[in-house]
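J.: Structure incoming, see below.
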Amino acid sequence: MTYYDNWSAFLYEARLIFYGSPLKTRYSVKHVKGEKNIVLKVTDDKKCCKFKLNRGSHLRQLNHLNQLFLHWSLSREINSIDDLPLKVEHMSSADEEKCSGHPSKWYVQFEGNDIRGPCDVTLLKSLLETSVIGSTSNVWCEGMDAWRPLVEVDELSAHLPEADKCRSTEGRNTPLENEGSHNNHVNDDANGVNQYDAGVAEEDKGGEPLSPEEEEARRRKREKKKQYLQRKKKKIESGQWVDSSKNLSVYISGLPDDTTAEEVENVFKRAGVIKIDPMTTLPKIKLYMDENQKFKNDARVTFVNKESVQFAIRYLDNYHFRKDCIIHVEEARYEPQKSQKKNHVPLTTEEMRKRYLAAKYEQERLKGWTEELDDGTGRRIVICKPMFSPEDAEEHEADSDFYKELREEVLAEITKFVPVDKVTPIPRHPQGVVCVKLKNSADAEIVISKFQDRIFDGRKLQVYFFDGKTDLQAQTIPSKFAREAILESAKEDPKDDDGIACDWIDNQSSDEEFEIRTE
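Read in the UniProt record's numbering, the sequence shown has 517 at position 517, and its numbers run on one by one without any break.
Here it is as structure tokens:
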């Protein structure tokens, strides 16, 4: 245990511990009554540390520390009540009375009698907005005879949306503990509508009773909302409900029987960075097998960025995976798995090492693709076209100020979103091509998402990854001066028709030198 004699030093260390710990780290603050000391307990999956303020303290300091931790927690990502750091331990009624003078007077009760607080109305509102608590969460402050749902507290219910107020009254068929005064409001009728809901509906209109039609309409609306929430809950529990913003996988069907994971990786890495499986340290590509371990001709690929999913669907759906094989790509949809027992084996030291190496390797990839790590597929280079018209390409030579101004304009636009390494217009290209080199592949994906189908100088842009093979300079229109020089040389040294034909044949490329580029 680490001891601190100074309150400011104790607070400073607590803040460093909080922001330097993983999100799932658990915290607990306890006020030792006999010694009047504060003990901060920090626990994660590996170790437990204790920090003690080694001098007399007051409950107001405990409340101050509690409030600071709640403020700090709201500045980080909160997904559940487990992410909230503090809970109150050994809080007696006498201690609760001493806290009544503090502005942050509210305490919140969670499952398992887990009590958090004190906090003010602003913090409660933030917890509501982040869905950490709901309208039915029990709250208490000094002066209340018992814990009550948040929706029943006049001071707090004003901060609830109307939908939450209605939803919180659904299904209340049993009174809360120590709420005998409300028993006479809860009586089920033949239609399953309780008088408690009707009383709330009457209060919504300022005490005026509702007509039977309005009451029935409200009941149907509440019932419909309740059924929707129940269906959503079942889907979440079964694994069917997947937030589209968090779905990073695509489903591929129609693959050949002898497909390998390496072959799938070589195709789909064009759409973006593929996630690394922490257990195998390999790209996260799953080839589906049947009961006999025979390939089912479909697979799943998981990316690092969600933009890669749309790129893969846009450019690789109906793609010629092989000469005689066309694949279909769509967003992965998760179905509930068959119930089967899974033996959870604790991770060994070697497996933990693999996870660490995989995470480190992926972090290095996300930092940026250096020249040594770049594999030639052009994941940092983006093609934008048509940035200028064929007439502009014919008119302006390579050293014209037109391309310098275009470079500066494109650079200014893209740097609004991501840093740019280099912008290179291809002079005299009939399709108006401009190459943009970014710092890493993630920035390149952002550029594609922002500028795809954008209107530039009256033209609709096409933006995609450079394939690393196409010779863009070879596609440009020859310079006017070069053409004139060729014509002059032809006049000075004319050749017979057979010689010209032979030269033309010798200068042609074989069919093997051309590749069909698919998008």
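Glycine is no exception: its CB is placed at the ideal position from the N, C-alpha and C atoms.
In the DSSP output, which residue or residues are listed as bridge partners for residue 300?
T.: 251, 286, per the DSSP bridge assignment.
J.: With distances taken between CB atoms, is the gap from residue 261 to residue 285 smaller than 8 Å?
T.: Result yes, Cβ atoms of residue 261 and residue 285 sit closer than 8 Å.
J.: Where does residue 443 sit, in a helix, a strand or coil, going by DSSP?
T.: Residue state, collapsed to three classes: helix.
J.: Which residues in the same chain have their Cβ closer than 7 Å to the Cβ of residue 418, if we skip the five residues on either side of it in sequence?
T.: Counting only Cβ-Cβ distances below 7 Å, and skipping sequence neighbours, we find 438, 443, 446, 447.
J.: Going by the beta-carbon positions, is the gap between residue 273 and residue 305 smaller than 8 Å?
T.: Yes, the Cβ-Cβ distance between residue 273 and residue 305 is below 8 Å.
J.: Compute the Euclidean distance between the alpha carbons of residue 478 and residue 428, then round it to the nearest angstrom.
T.: Rounded to whole angstroms, residue 478 to residue 428 spans 8 Å at the Cα level.
J.: Go ahead and pull the three-state DSSP assignment for residue 469.
T.: Coil at residue 469, not helix or strand.
J.: Three-state secondary structure (DSSP) at residue 153?
T.: Three-state result, residue 153: coil.
J.: Residue 459 to residue 271, Cα distance in whole Å?
T.: Cα to Cα, residue 459 sits roughly 25 Å from residue 271.
J.: Does DSSP put residue 266 in a helix, in a strand, or in coil?
T.: Looking at residue 266 - three-state DSSP - the assignment turns out to be helix.
J.: Take the Cβ of residue 307 as the centre, count every other Cβ of all protein chains shown within 10 Å, and call the residue buried at 16 or more, exposed below.
T.: By the 10 Å Cβ count, residue 307 comes out buried.
J.: Rounded to the nearest angstrom, how far is the Cβ of residue 522 from that of residue 381, given a contact under 8 Å?
T.: The first residue shown for the chain is 1 and the last is 519, placing residue 522 beyond what the model contains.
J.: Does the Cβ-Cβ distance between residue 133 and residue 108 come in under 8 Å?
T.: Yes, the Cβ-Cβ distance between residue 133 and residue 108 is below 8 Å.
J.: My output table needs one value for residue 451: the three-state DSSP class, helix, strand or coil.
T.: In the structure shown, residue 451 sits in a helix (DSSP, three-state: H, G or I).
J.: Determine the burial state of residue 229: buried for a count of at least 16 other Cβ atoms within 10 Å of its Cβ, exposed for fewer.
T.: Label assigned to residue 229: exposed.
J.: Could you check whether the region 308-323 touches the region 247-256, counting it as contact only if at least three pairs of C-beta atoms, one from each stretch, sit closer than 8 Å?
T.: Touching, per the Cβ criterion.
J.: Buried or exposed: where does residue 415 fall if 16 or more other Cβ atoms within 10 Å of its Cβ makes it buried?
T.: Exposed: under 16 other Cβ atoms inside 10 Å.
J.: Since residue 406 and residue 425 are thought to touch, with beta carbons under 8 Å apart, how far apart are those beta carbons, to the nearest angstrom?
T.: That pair is a contact at about 5 Å.
J.: How would you call residue 303, buried or exposed, if buried means at least 16 neighbouring beta carbons within 10 angstroms?
T.: Flag for residue 303 reads buried.
J.: Leaving out five residues on either side along the sequence, give the residues of the same chain with a beta carbon under 8 Å from the beta carbon of residue 257.
T.: Hits under 8 Å: 295, 297.
J.: Here's the rule I'm using: 16 or more other beta-carbon atoms within 10 Å means buried, otherwise exposed. How should residue 148 be labelled?
T.: Looking at its Cβ environment, which holds 16 or more other Cβ atoms inside 10 Å, residue 148 is buried.
J.: Using 8 Å as the threshold, is the C-beta distance between residue 259 and residue 282 below it?
T.: No, the pair does not count as a contact, with Cβ atoms beyond the cut-off.
J.: My output table needs one value for residue 425: the three-state DSSP class, helix, strand or coil.
T.: Reduced to three states, the DSSP call for residue 425 is strand.
J.: Is residue 379 buried or exposed, if buried means 16 or more other CB atoms sit within 10 Å of its CB?
T.: Classification for residue 379: buried.
J.: According to DSSP, what are the bridge partners of residue 331?
T.: Paired residue(s): 250.
J.: Assign residue 273 to one of three DSSP states: helix, strand, or coil.
T.: If DSSP states are grouped into helix, strand and coil, residue 273 belongs with coil.
J.: Can you give the Cα-Cα distance for residue 291 and residue 266, rounded to whole angstroms?
T.: Each residue's Cα considered, the two are about 27 Å apart.
J.: Based on Cα-Cα distance, which residue from 144, 143, 125 lies nearest to residue 135?
T.: Answer by Cα proximity: 125.
J.: Quick one: grab the DSSP three-state call for residue 379.
T.: Reduced to three states, the DSSP call for residue 379 is coil.
J.: Only counting the same chain, and skipping five residues up and downstream in sequence, which positions put a Cβ closer than 6 Å to that of residue 313?
T.: So the list reads 329, once near-sequence residues are dropped.
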